[in-house]
Structure formats: C-alpha cells, structure tokens
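Novice: To start, I am sharing the structure in question, which I have written as structure tokens.
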Amino acid sequence: MEYHVSEQAKRRNGFFEDLIDGLTRHLIANNINEPEKAAEEIALKLHEEWRGQNLNFPAKPRLYFERLKEQVISEYTGYNKTELLRRHNISESTLYKWMNQKLKEAKKREIDQNGQVMFKL
Numbered sequence: 012m013e014y015h016v017s018e019q020a021k022r023r024n025g026f027f028e029d030l031i032d033g034l035t036r037h038l039i040a041n042n043i044n045e046p047e048k049a050a051e052e053i054a055l056k057l058h059e060e061w062r063g064q065n066l067n068f069p070a071k072p073r074l075y076f077e078r079l080k081e082q083v084i085s086e087y088t089g090y091n092k093t094e095l096l097r098r099h100n101i102s103e104s105t106l107y108k109w110m111n112q113k114l115k116e117a118k119k120r121e122i123d124q125n126g127q128v129m130f131k132l
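Here you go:
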C-alpha cells in the first residue's frame, strides 16, 4: 500500500536529515568519536522532546552575540575600529559598550603578588 506524502512532510523530514548532517559535520570537525551515531542520537533526543512543536530559531540568538562580542574584543587593536564595525555589522556604540564592559570586568579582578585572583566588592 502506497500513500501520499505531502510537500510539508517532505520538508520536515528534510530538515531532520539536514540537522543530522550539520551535527555530523560539527562533531567531525571537533574530533568526536562516532560522529554519525552521536548526531543521530542528538537529533532523536530533540525529536523526543520537541516533536509536534513548531520551532522558531532566532536569527541571532544570545549565544551568537556572546561569541561575536568575544571575537570583536579579541580582534580589536585600537586602530581597526572601522574595519570591525563593517565586517561584523555592529554599531560604534555597541563596540564601545562591549569594550567598557570588558574594562569593568578587568578592573574588578586584580592579581595579588602570589598570582591569585582577588575580587573587589
């Protein structure tokens, strides 16, 4: 008996397969043992937890901004502001906000003579 599969169902299954493929590539890149099996297990766990739900992944989640912030701060030389703003599509005020946050964090930590981190309250 053959039954009709809707285009929407094909896309859903395609998404699931794409998810497994993407996870596999990431696991291989990070030297995880048996990446195909691990990717399938992750995808199946996601399926068990979220099946039947409509999922909407934000275009730029908080984790994206945290990683972007760290990358921009690490690339900042004091002379490449314009380049960073253009390359990462961020505003000047965002760059200064991130740099000020990093500076405040650094000021809260001080290293004593023994090399131990001391925190100011």
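This note's numbering numbers the first residue of the sequence shown as 12 and each following residue consecutively.
In this text, a Cβ means the ideal position worked out from N, Cα and C, and glycines have one as well.
As the structure is a prediction and not an experimental result, all values here were calculated from the model.
(1) Mapping the DSSP letters down to three states, classify ILE43 as helix, strand or coil.
(2) Is the beta carbon of VAL83 sitting closer than 9 Å to the one on LEU106?
(3) Skipping 5 residues on each side, what residues in its chain have a beta carbon closer than 8 Å to that of LEU132?
(4) Mark LYS11 as exposed unless 16 or more other C-beta atoms lie within 10 angstroms of its C-beta, in which case mark it buried.
(5) Tell me, to the nearest whole angstrom, how far the beta carbon of LEU74 is from that of ILE53; I am working on the premise that it is less than 8 Å.
(6) Using a threshold of 9 Å, state whether the C-beta atoms of LEU95 and SER102 are closer than that.
(7) If you draw a straight line from the C-alpha of PRO72 to the C-alpha of SER17, how long is it?
(8) Using DSSP with H/G/I as helix, E/B as strand and the rest coil, what is ARG98?
(9) State the DSSP-derived secondary structure class of ARG120, mapped to helix, strand or coil.
(10) From LEU55 to GLY63, what does the alpha carbon distance come to, in whole angstroms?
(11) Between ASN111 and THR88, what straight-line distance do the alpha-carbon atoms span, to the nearest angstrom?
Specialist: Working from what's here:
(1) Numbered from its first residue, the sequence shown carries residue 43 at position 32. Coil.
(2) Within the sequence shown, numbered from 1, the residue matching residue 83 stands at position 72. Within the sequence shown, numbered from 1, the residue matching residue 106 stands at position 95. Against a cut-off of 9 Å, the Cβ pair of LEU106 and VAL83 comes out as a contact.
(3) By 1-based counting over the sequence shown, the position of residue 132 is 121. Summary for LEU132: the model assigns pLDDT 46, below 50, so the residue's position carries little reliability; its value from the coordinates is reported in the next sentence. Closer than 8 Å at Cβ, skipping near neighbours: no residue.
(4) Examination of residue 11 is not possible in this model, given that the chain is present from 12 through 132 alone.
(5) In the sequence shown, residue 74 corresponds to position 63, counting from 1. In the sequence shown, residue 53 corresponds to position 42, counting from 1. Contact doesn't hold; Cβ gap of about 17 Å is too wide.
(6) By 1-based counting over the sequence shown, the position of residue 95 is 84. By 1-based counting over the sequence shown, the position of residue 102 is 91. For LEU95 and SER102, no; Cβs fall outside 9 Å.
(7) On the sequence shown, position 61 is the one that residue 72 refers to. On the sequence shown, position 6 is the one that residue 17 refers to. So the alpha carbons of these two residues sit roughly 31 Å apart.
(8) Taking the sequence shown and counting its residues from 1, the one referred to as residue 98 is at position 87. Helix, per DSSP.
(9) By 1-based counting over the sequence shown, the position of residue 120 is 109. Three-state DSSP puts ARG120 in a strand.
(10) Residue mapping note: residue 55 aligns to position 44 of the sequence shown, counting from 1. Residue mapping note: residue 63 aligns to position 52 of the sequence shown, counting from 1. C-alpha separation (whole angstroms): 13 Å.
(11) Along the sequence shown, read from residue 1 onward, the residue named residue 111 stands at position 100. Along the sequence shown, read from residue 1 onward, the residue named residue 88 stands at position 77. If you take the alpha carbons of ASN111 and THR88, they lie about 15 Å apart.
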